[in-house]
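Under the numbering used here, think of the first position of the sequence shown as 6, with each following residue one higher. Where a beta carbon is used, it is the ideal one built from N, C-alpha and C, also for glycine. Quick caveat, the model's predicted, so the values are computed rather than measured.
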Amino acid sequence: MDEIIIRRPDDWHVHLRDGAMLDAVLPFTARQFSRAIIMPNLAVPVTTAALAADYRRKILQALPDEKTCEGFVPLMTCYLTDETSANDISQGYTDGVFAAAKLYPANATTNSAHGVTDINELDAVFEGMQDIGMPLLVHGEVTDPKVDIFDREAIYIERVLTSLTKKFPKLKIVMEHVTTKDAVDFVRAHQNQVAATITAHHLMLNRNDIFQGGIHPHRYCLPIAKREVHQLALREAATSGDTCFFLGTDTAPHPLSDKEASCGCAGIFTAVNALELYTQVFDEENELEKLEGFASLHGSSFYGMGLNDDHVTLVRENVRIPGSIPVSDGSSIRPFRAGQTLGWKLKY
Ligand code: NCD
Ligand code: ZN
């Protein structure tokens, strides 16, 4: 197969930031995807429907005037805090401002200082979301500093998700950017209620790659890449055709100087070649015919949204990942696998 045509995909996990960074990264996502779930972890987090409506306006204003970006829909999420009001959330969802709410355990990852400190305080919020069918998106890592960083996801399942799914059996949950076989097994066992996004970089990396011949800050993200056995479980899950797994890049741009630093921050930027990266993996697994389900069908069905009307074409042709993406404030972003070549090209 040298050419594939699939329904236009959606990206169910994107960090667009704001200001100059938003202008720099948005075109890449909007050219490839019809809709994207926009993560709310700005420096001032998107915690209310009013803030989300404002952020959505900024995103739409920043959209380039290009045919390929026409009709791009940013799907907004609410950043849950200890103070989140069940009313604001449900109202925001009913009004069409929020598509979902995002649960960051406090200090689990980039810009999560305002996250939730005690999930038990949010019962009323979850009950309301369950009633109206609003999905809960979870950053599934415990923050207990005593827990080894490579075990934080598995222990989150044990300590938090297992009881959450029992307590709210109708609450739709997306376990974001899963990185372990434990998560794959958990999602499969709860697939009437739980789904998962899988990033391109977690399909392509295991923890050895972070330290191969030296330390690679551009391969560092949270949750951190795990052992090969987990990477292989993710590759199997993504390409299995199971509807509980779908595309979410977790593309997370940071200025180069924040990544290449004595304490480099977490986040991998894959937006530029997102669909081509996934296609490469599906090709390597000999499962290209499963790409459309993962990229374009399963997510919208879990979210209860319609399918996109148009299609995209990928051809077996070399494409070079750019070495650097400039930002108008003078900084730059280094894409994942910068300067390397991929074997599939998206036709624009
Ligand atoms: C994300 C970011 O930079 O906002 N970083 C990351 O490593 N994935 C936050 C997140 O999704 O955890
Ligand atoms: Zn993320």
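8 Å Cβ shell around V155 - same chain, five flanking residues per side excluded: Here residue 155 is taken as the residue at index 150 of the sequence shown, counted from 1. As written in the sequence, residue 155 is Phe, which differs from the Val given in the question. Contacts found: R212, I229, K231 and R232.
Beta carbon of K171 nearer than 8 Å to that of G138: Position 166 of the sequence shown, counted from the start, is the residue given in the question as residue 171. Position 133 of the sequence shown, counted from the start, is the residue given in the question as residue 138. It is not a contact, given that the beta carbons lie outside the stated cut-off.
Any non-hydrogen atom of ligand 2 within 7 Å of M44 CB: Your numbering for residue 44 matches position 39 in the sequence shown. Correct: M44 has its Cβ closer than 7 Å to ligand 2.
7 Å CB neighbourhood of L97 in its chain, flanking five on each side removed: Taking the sequence shown and counting its residues from 1, one reaches residue 97 at position 92. Note on identity: in this sequence residue 97 is Gly, with Leu being the wrong assignment. Excluding residues within five positions, the ones whose Cβ falls inside 7 Å are A54, A57, C83 and F103.
Which of helix, strand or coil DSSP assigns to A118: Numbered from 1 along the sequence shown, position 113 holds the residue referred to as residue 118. A118: coil per DSSP, three-state reduction.
Closest by C-alpha distance to R325, when choosing among L282, N291, L293 and V234: Reading the sequence shown from its first residue, position 320 is the one you call residue 325. Looking at the Cα atoms, L282 is the closest of the given residues.
Identity of the residue in S95, N112, K264 and S301 nearest I220 by Cα: The residue given as residue 220 occupies position 215 in the sequence shown. Residue K264 is the option with its Cα nearest to I220.
Status (buried if at least 16 other CB within 10 Å, exposed otherwise) for F216: For the purposes of this step, residue 216 is taken as residue 211 along the sequence shown, with counting starting at 1. Counting Cβ neighbours within 10 Å, F216 comes out exposed, since fewer than 16 surround it.
Range of the contiguous alpha helix (DSSP H) that encloses R62: Here the question's residue 62 lines up with position 57 in the sequence shown. Unbroken alpha helix (DSSP H) run through R62: A54 to A67.
C-beta atoms of P110 and T167 nearer than 8 Å: Locating residue 110 in the sequence shown gives position 105, counting from the first residue. Locating residue 167 in the sequence shown gives position 162, counting from the first residue. Not a contact, by the Cβ cut-off of 8 Å.
Uninterrupted beta strand (DSSP E) stretches inside the segment 276–302 (no shorter than 3 residues): none
D255: CB within 7 Å of a non-hydrogen atom of ligand 2: Position 250 of the sequence shown, counted from the first residue, corresponds to residue 255. Under cutoff, so the answer is yes.
C-alpha gap between P79 and P50, whole angstroms: By one-based count along the sequence shown, residue 79 stands at place 74. By one-based count along the sequence shown, residue 50 stands at place 45. C-alpha separation (whole angstroms): 16 Å.
Residue range of the beta strand (DSSP E) that includes N211: What you label residue 211 is simply residue 206 of the sequence shown in a count that begins at 1. Run containing N211: none; DSSP gives neither H nor E here.
G272: CB within 7 Å of a non-hydrogen atom of ligand 1: For the purposes of this step, residue 272 is taken as the residue at position 267 of the sequence shown. Yes.
Whole-angstrom distance between P331 and T346, CA atom to CA atom: On the sequence shown, position 341 is the one that residue 346 refers to. On the sequence shown, position 326 is the one that residue 331 refers to. So the two alpha carbons sit approximately 20 Å from each other.
A41 to H303 span [Cα, whole Å]: Stepping through the sequence shown from its first residue, residue 41 is reached at position 36. Stepping through the sequence shown from its first residue, residue 303 is reached at position 298. Each residue's Cα considered, the two are about 14 Å apart.
Cβ neighbour criterion (16 or more within 10 Å) applied to K186: The residue given as residue 186 occupies position 181 in the sequence shown. By the 10 Å Cβ count, K186 comes out buried.
Cross-strand partners of E88 (DSSP beta bridge): To locate residue 88, count along the sequence shown from 1; it is residue 83. Paired residue(s): none; E88 is not in a bridge.
Beta-carbon gap between I203 and V165 smaller than 8 Å: For the purposes of this step, residue 203 is taken as the residue at position 198 of the sequence shown. For the purposes of this step, residue 165 is taken as the residue at position 160 of the sequence shown. In this structure, V165 does not lie closer than 8 Å to I203 by Cβ.
C-beta contact flag for N323 and G348 at 8 Å: Numbered from its first residue, the sequence shown carries residue 323 at position 318. Numbered from its first residue, the sequence shown carries residue 348 at position 343. Yes, they are a contact pair.
heavy atom of ligand 1 below 7 Å from L108 C-beta: Counting from one through the sequence shown, the residue named residue 108 turns up at place 103. No; taking the cut-off as 7 Å, the Cβ of L108 has no heavy atom of ligand 1 nearer than that.
Secondary structure of A41, DSSP reduced to three states: Taking the first residue of the sequence shown as 1, we reach residue 41 at position 36. Here A41 sits in strand by DSSP.
D70 versus R22: straight-line alpha-carbon distance, rounded: Within the sequence shown, residue 70 is the residue found at index 65, counting from 1. Within the sequence shown, residue 22 is the residue found at index 17, counting from 1. If I take the Cα positions, the gap works out to 20 Å.
First and last residue of the uninterrupted alpha helix (DSSP H) at E158: Residue numbering aside, residue 158 sits at position 153 when the sequence shown is read from its first letter. First-last of the alpha helix (DSSP H) with E158: R157 to Y161.
Helix, strand or coil at R36 according to DSSP, with G and I counted as helix: The residue given as residue 36 occupies position 31 in the sequence shown. Reduced to three states, the DSSP call for R36 is helix.
Under the three-state DSSP convention, the category N125 falls into: Counting from one through the sequence shown, the residue named residue 125 turns up at place 120. Looking at N125 - three-state DSSP - the assignment turns out to be helix.
Cα-Cα separation between A29 and N313, rounded to whole angstroms: Along the sequence shown, read from residue 1 onward, the residue named residue 29 stands at position 24. Along the sequence shown, read from residue 1 onward, the residue named residue 313 stands at position 308. Looking at the two C-alpha atoms, the distance is approximately 25 Å.
Touch test, the segment 114–133 against the segment 280–296, Cβ-Cβ under 8 Å, three pairs minimum: no
Per DSSP, cross-strand counterpart(s) of F103: As a first step, residue 103 is located in the sequence shown; it is residue number 98 there, counting from the start. DSSP output for F103 lists M81 as bridge partner(s).
M6, buried or exposed, once every other Cβ within 10 Å from all chains shown has been counted against 16: Against the sequence shown, residue 6 aligns to sequence position 1. Flag for M6 reads exposed.
Contained beta strand (DSSP E) runs [length at least 3] in the segment 236–265, N- to C-terminal order: 250–252
Touch test, the segment 89–96 against the segment 236–253, Cβ-Cβ under 8 Å, three pairs minimum: no
Rounded separation between A279 and A205 - CA only: Numbered from its first residue, the sequence shown carries residue 279 at position 274. Numbered from its first residue, the sequence shown carries residue 205 at position 200. Spanning the two alpha carbons is a distance of roughly 7 Å.
Inter-residue Cα distance where the pair is P258 and L169: For this step, residue 258 is matched to residue 253 along the sequence shown. For this step, residue 169 is matched to residue 164 along the sequence shown. The straight-line gap from Cα to Cα measures roughly 31 Å.
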